[in-house]
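In what follows, a structure is listed as structure tokens, so that the remarks can point back to it.
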Amino acid sequence: MAWEENLTCFNTFGEKESWSLKTYEKLDGYQAWRRVLAGELTPEEIIEEVKASGLRGRGGAGFPTGLKWSFMPRGADVQRYLVCNSDESEPGTCHDREVLRYNPHALVEGMAIAAYAMGATVAYNYIRGEFIDEPVPRFETAVKEAYEAGLLGKNIQGSGIDCDLQTFVGAGAYICGEETALLESLEGKQGKPRFKPPFPANFGLYGKPTTINNTQSLASVPAIMRNGHAWFAALGPEGSGGTALFSVSGHVEKPGNHELPMGIPFKDLLEICGGVWKGRNLKAVIPGGSSCKVLPAEVIMDCTMDYNSLQQAGSSFGTGAVMVMDETTCMVKVLRRISRFYMAESCGQCTPCREGTGWLYRMLSRILDGKGEEEDLDHLLAVANKIEGHTICALGDAAAWPVQSFLNHYYHEFEYMVRNHGRSIVDDNTEAAA
Amino acid sequence: MSHAEMLSEHVIEEIEHWKARFPEGKQRSAVISALHAVQHENEGYLTAELMNAVADYLDLPTIQVYEVATFYSMFQTKPVGKHNVAICTNVSCMLRGADDIVDHVENKLGVKLGESTEDGRIYLKREEECLAACCDAPMMMVDHKYHENLTTDQVDDILDGLD
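Spelled out as structure tokens, the structure:
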């Protein structure tokens, strides 16, 4: 079936200067925010609308966005903050960069609405440092345009509503995508996750009530407020409202970012991307960024791309970063690369993660160097199991899950390499077939 | 003498620009931006003197600047080549030939990942992690600019074009 694309966050795509205020307003942009400024929407109504839309956090954890907003303490006369997480770093994920470059006003409007709904008068967008050349200036230009159009600032259009929006630029650290590490970084410190509780809604930026939402989550809000919760919810299946941004990378003919309804069958998504490249067969897919468990072809081909389906299949929706691997892929090599990432990005404060991620990487390197022993395979799993659940933040779990799932589905490839002094089963099979 | 005198007018302007975004007394939030500005002017790396100057200017203990400079991957605390070349080798790029790009660049420049060319022209950054351009893999970042869908010929053009 044909799927309609670009309904929410990418709605300006294809328009001339899709990033400009003019284009955004032509497509009813800032209509919802203007209703807020006109006093037509209360914070409670906005939160209820977002709750009912079924929007869940698109940064990976999938926590219901409206519910998260409702945790912010109300009434008390304290400074509250909204923080947007544009520290897009989950391997395979590259769609927030597209929102920042090509539809930044959707994010500006989403942030303004969210801030108002939670009683926050100051909002920061934390953008990863590597985006300094193009996404940061695009976003900052949009913010400037919004100020000049009288859509941001103090007592906006005489409404009594204050909303100041600032950009923050990071300096390279995956861990800063973890919300409390991000707050530490925003305070000018090393990005080391905090113990929870207290949660940011009670003790966040500078110790003040703070909510952190992902770029895509916030950029989805204006369309929800324009079209209503029922419209958004009905785009996807039960439990997975709306559209999602999929970054499809790896061994497909046409890698690309696509905004599509939640619940699209994986098969259709693959077809949109031109199928597996070079006429080869599909071997495996990591469906939501490198922290998610890998799924073999026969499993993913029956999945729909939503929270429930992927969870039932033994993985998760994650960030919607779909990494496709063809039949020639050596799974030992892929896992070693993933493990290298978690070793490099561990912040180092929890021993199981700091030490364990290095052990995993070194054992996998040893196996690839032809010096592996059969007991290494048990050790890999044991180390992964000892990291999982024993760290302050989810980076430890994210380092463990790939190891567990690669060994679960592709144990024979690791065993073959150990027994054959570093030769990959994939290379040997290719040679045998030639 | 105050170390802060080492900072150029432009750097001070930059720091003030960022400081203004945070509440009174929260100038520590400007450390990352200050280090970006200082590193940029010093041809790509930080020195202890420059970090001390930032600490002085922002009225922070030096350790609070050192610990940030050493934590984030975009900061270099040892002298490196003038142009920063970072090739992503994470999974999406690896699946589309990033290792070949790395081999090609290492051979061309005669240095390994993490090393600078002898003439100080290019720093080939230590193994780079995902830069969020996965659908246009393989890719590399040269002095903050993204170059995507790379071929070895394009890599040659880009590197030869650096002064």
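These protein sequence lines map, in sequence, to chains A and B.
For the first sequence, our numbering puts the final residue at 434, and the numbers step up evenly by one.
For the second sequence, our numbering puts the final residue at 1163, and the numbers step up evenly by one.
All C-beta atoms in this analysis are idealised placements derived from N, C-alpha and C, irrespective of residue type, glycine included.
Bear in mind that the values here come from a model prediction, so they are computed numbers and not experimental data.
- Residue Pro222/A holds the alpha-carbon nearest to the alpha-carbon of Leu55/A among Ser290/A, Cys176/A, Cys94/A and Pro222/A.
- In the structure shown, Asn227/A falls within a helical segment according to DSSP collapsed to helix, strand and coil.
- DSSP, read as helix, strand or coil, puts Val1111/B in coil.
- For the pair Ile224/A and Val83/A, the CB atoms are not nearer than the 8 Å cut-off.
- Lys1082/B and Gly1120/B have their alpha carbons spaced roughly 6 Å apart.
- Residue burial annotation: Asn408/A is exposed, with fewer than 16 other C-beta atoms found within 10 angstroms of its C-beta.
- For Thr1070/B, no beta strand (DSSP E) run applies; the uninterrupted alpha helix (DSSP H) run containing it begins and ends at Thr1062 to Phe1071, by DSSP.
- No residue range can be given for Pro73/A, since it is assigned to no alpha helix (DSSP H) and is classified by DSSP as neither H nor E.
- The contact set of Val1031/B on chain A, defined by CB atoms closer than 7 Å, consists of Gly188 in chain order.
- Below the 8 Å Cβ cutoff, chain B contributes no neighbours of Ile387/A, its closest Cβ being approximately 19 Å away.
- At a cut-off of 8 Å, the C-beta of Asn1084/B has no neighbouring C-beta in chain A.
- The residues Gln1027 and Ala1030, in chain order, have a CB closer than 6 Å to that of Lys1019/B in the same chain once the five nearest residues on each side in sequence are set aside.
- Bounds of any alpha helix (DSSP H) do not take in His1147/B; it lies within the beta strand (DSSP E) bounded by Lys1145 to His1147.
- By the rule that beta-carbons nearer than 8 Å mark a contact, Ala1137/B touches chain A.
- Interface with chain B (8 Å Cβ-Cβ cutoff): Met305/A is excluded.
- When Cβ pairs closer than 8 Å are counted between the two stretches, the stretch 59-79 of chain A is seen to touch the stretch 42-49 of chain A, the count reaching three or more.
- In this chain, Asn11/A is not harboured by any alpha helix (DSSP H), its DSSP state being neither H nor E.
- In terms of Cβ geometry, Tyr126/A and Gly170/A form a close pair [threshold 8 Å].
- At a Cβ-Cβ threshold of 8 Å, Pro255/A and Ile338/A do not count as neighbours.
- In the three-state reduction of the DSSP assignment, Cys84/A falls in the strand class.
- Residue environment analysis places Arg226/A among the buried positions, since at least 16 neighbouring C-beta atoms fall within 10 angstroms of its C-beta.
- Note on Asp1143/B: under 16 other CB atoms within 10 angstroms of its CB, so exposed under the neighbour-count rule.
- Of all residues in the stretch 220-251 of chain A, those with a C-beta nearer than 8 Å to a C-beta of chain B are Ser247, Val248, Ser249, Gly250 and His251, reading in chain order.
- Counting only the Cα atoms, Gln79/A lies some 12 Å from Asp162/A.
- Between the stretch 253-267 of chain A and the stretch 2-10 of chain A there are three or more C-beta pairs closer than 8 Å, enough to call the two in contact.
- Neighbourhood of Ser89/A in chain B, by CB distance below 7 Å: Cys1130 and Ala1132, in chain order.
- Inside the stretch 155-234 of chain A, DSSP marks whole beta strand (DSSP E) runs of 3 or more residues at positions 164-169 and 210-214, from first to last along the chain.
- With a 10 Å radius around the Cβ and a threshold of 16 neighbouring Cβ atoms, Gly289/A comes out buried.
- Think of a sphere of 7 Å around the beta carbon of Arg354/A: no beta carbon from chain B falls inside it, the nearest being about 14 Å out.
- It is roughly 14 Å from the alpha-carbon of Lys22/A to the alpha-carbon of Val108/A.
- In chain order, Met118, Ala201, Pro209 and Thr211 place their CB closer than 6 Å to the CB of Met72/A, counting only its own chain and leaving out the 5 sequence neighbours on each side.
- Relative to the Cα of Gly204/A, the nearest Cα in the group Ser247/A, Ser220/A and Glu179/A belongs to Glu179/A.
- Under the 8 Å criterion on CB atoms, Tyr1045/B is classed as non-interfacial with respect to chain A.
- Of the residues Cys1135/B, Ile1122/B, Ala1034/B and His1104/B, the one whose Cα lies closest to the Cα of Val1085/B is Ile1122/B.
- Along the stretch 166-182 of chain A, the positions whose C-beta sits under 7 Å from a C-beta of chain B are Gln166, Val169, Gly170, Ala171, Gly172, Ala173 and Tyr174, read in chain order.
- Judged by their CB atoms, Asp376/A and Ile367/A are nearer to each other than the 8 Å cut-off.
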